[in-house]
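Going by the working numbering, 1542 is the number at position 225 of the sequence shown; the sequence numbering is gapless.
Backbone N, C-alpha and C fix where the C-beta goes; we use that ideal spot for every residue, glycine too.
What follows is a set of notes on a single structure, which appears directly below.
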Amino acid sequence: MPGNVMHSLVRAVVLDEPINLGPDVVELARLNKVLLHVLRVANHDGELRVSQEDSLRRVINIVAEVEDALSGIEHAFIKLIKPITYVPADVDVLVKGSQAPLATSRLMTLGYKVLVHEPYTITLVKNGVNVDLYTHPSAANLVYIRGEELLNSRVEANFNGVRVTSINEDYEVALTVLHAIYKEGIVTLNDSATVFKWLNDDSLKLCARLKCIHALGLTLNAMLLSIEGQLRLPYKLPMGYWAVKLLGRVIGNTQYTPSILQGIRRINDPRFIMQLVNRITRISY
1318 MPGNVMHSLV RAVVLDEPIN LGPDVVELAR LNKVLLHVLR VANHDGELRV SQEDSLRRVI
1378 NIVAEVEDAL SGIEHAFIKL IKPITYVPAD VDVLVKGSQA PLATSRLMTL GYKVLVHEPY
1438 TITLVKNGVN VDLYTHPSAA NLVYIRGEEL LNSRVEANFN GVRVTSINED YEVALTVLHA
1498 IYKEGIVTLN DSATVFKWLN DDSLKLCARL KCIHALGLTL NAMLLSIEGQ LRLPYKLPMG
1558 YWAVKLLGRV IGNTQYTPSI LQGIRRINDP RFIMQLVNRI TRISY
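The following block contains the structure:
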């Protein structure tokens, strides 16, 4: 992929500069989870734009329903509200551990079906949209940040006209880099642009306190290198490097080490091999 295409895409997302839409730009925007943002910036009115807008409306309806259902439950939408326009692949909601069963029950009464029940995550689905209820954000059942830490930063926010409970921008920056580096092992332009637009002294200090400054640097550097044509986003961390980084974070913090046992048990899960193959072969998430 020519470096100038990546450069133009970054400017379209970060600076809202118009961009010529060709097949290469569309595919690159899709992989980087910024397709709707680019379509709007380019003022594109074709079928692809209609499809993306319809998908976003479906997510908005789910978010509104979930927010209403979780009234009175300690919760916060995470990785949802960002300074760019995009269609979330799923809806992620952090809930207090002791209230996760109640949250699940309320959603099931509204027609949501449980797909997966893991130690720190319950995945439900309705109308083709997955809703992940987290007690602690984790990767392979290894916790990389405590849920309570995020819940303590709750604020009222606006998601496309829907009032929701979310986390503040500083914590969203920290969670963005933690999720990209430690869970997915992939940095997208969606991630880099979110961090670039929202990074300030407070979020920088928070990243330092949460010991994810290096992850922050990787996320921003990936975008800078992509502008220079030295790197193509999404950027996938080498598998071994990702595993070492994740294990190092978990082992290095006593708040996260109890999840190691859950991580070991994950190996015996029948889905483990399939998930491992998917992680090795995928180029985005």
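Please classify residue i: does DSSP put it in a helix, a strand, or coil?
i: asparagine 1595; result: helix
i: lysine 1603; result: Residue 1603 lies beyond the stretch modelled for the chain, which goes from 1318 to 1602, so this question has no answer here.
i: isoleucine 1503; result: strand
i: arginine 1374; result: helix
i: lysine 1296; result: Because the chain spans 1318 through 1602 in this model, residue 1296 falls outside it and cannot be assessed.
i: tyrosine 1552; result: strand
i: leucine 1338; result: coil
i: threonine 1283; result: Past the edges of the chain, shown from 1318 to 1602, lies residue 1283, and the structure says nothing about it.
i: leucine 1308; result: The displayed coordinates of the chain run from 1318 to 1602. Any statement about residue 1308 would go beyond what the structure contains.
i: leucine 1432; result: strand
i: serine 1543; result: helix
i: serine 1325; result: helix
i: isoleucine 1581; result: helix
i: isoleucine 1604; result: This structure gives no information on residue 1604, because the portion of the chain shown stretches from 1318 to 1602.
i: valine 1483; result: Residue identity check: residue 1483 is serine in the sequence provided, not valine. DSSP places serine 1483 in strand when its eight states are reduced to three.
State the Cα-Cα distance for the pair residue i and residue j, rounded to the nearest angstrom.
i: isoleucine 1568; j: methionine 1540; result: 29 angstroms
i: serine 1509; j: glutamate 1391; result: 29 angstroms
i: lysine 1605; j: proline 1551; result: Lying before the first or after the last residue shown, residue 1605 is absent from the chain, which here runs from 1318 to 1602.
i: glycine 1428; j: threonine 1571; result: 39 angstroms
i: asparagine 1517; j: threonine 1511; result: 12 angstroms
i: serine 1470; j: isoleucine 1484; result: 5 angstroms
i: glycine 1557; j: leucine 1563; result: 10 angstroms
i: isoleucine 1544; j: leucine 1345; result: 14 angstroms
i: lysine 1514; j: asparagine 1475; result: 17 angstroms
i: arginine 1423; j: glycine 1389; result: 11 angstroms
i: proline 1575; j: leucine 1527; result: 18 angstroms
Report back the beta-carbon spacing between residue i and residue j to the nearest angstrom; my notes put them in contact at under 8 angstroms.
i: lysine 1507; j: lysine 1350; result: Per the sequence shown, the amino acid found at residue 1507 is asparagine instead of lysine. Indeed they touch by this definition, with Cβ atoms about 4 angstroms apart.
i: valine 1448; j: valine 1383; result: 6 angstroms
i: valine 1479; j: alanine 1406; result: The pair is not a contact, with the Cβ atoms about 18 angstroms apart (cut-off 8 angstroms).
i: alanine 1341; j: valine 1322; result: The question names alanine, but residue 1341 in the sequence shown is aspartate. Rounded, the Cβ-Cβ distance is 6 angstroms, consistent with contact.
i: aspartate 1519; j: tyrosine 1451; result: With a Cβ gap of about 24 angstroms, aspartate 1519 and tyrosine 1451 do not count as contacting.
### Task
Taking only runs that begin and end inside the region 1449-1480, name each unbroken beta strand (DSSP E) of 3 or more residues, in chain order.
1471-1476
### Message
Threshold first: 3 residues or longer. Then list the beta strand (DSSP E) segments lying entirely within the region 1350-1430, N to C.
### Response
Within the region 1350-1430, the complete beta strand (DSSP E) runs of at least 3 residues are 1392-1395, 1408-1412.
### Message
Counting beta carbon pairs with one atom in the region 1390-1409 and one in the region 1349-1367, are three or more of them shorter than 8 angstroms?
### Response
yes
#### Entry: Segment contact flag, the region 1435-1448 with the region 1358-1371, C-beta cutoff 8 angstroms, min 3 pairs
no
### Contact between the region 1360-1367 and the region 1450-1466 (3+ Cβ pairs under 8 angstroms)
no
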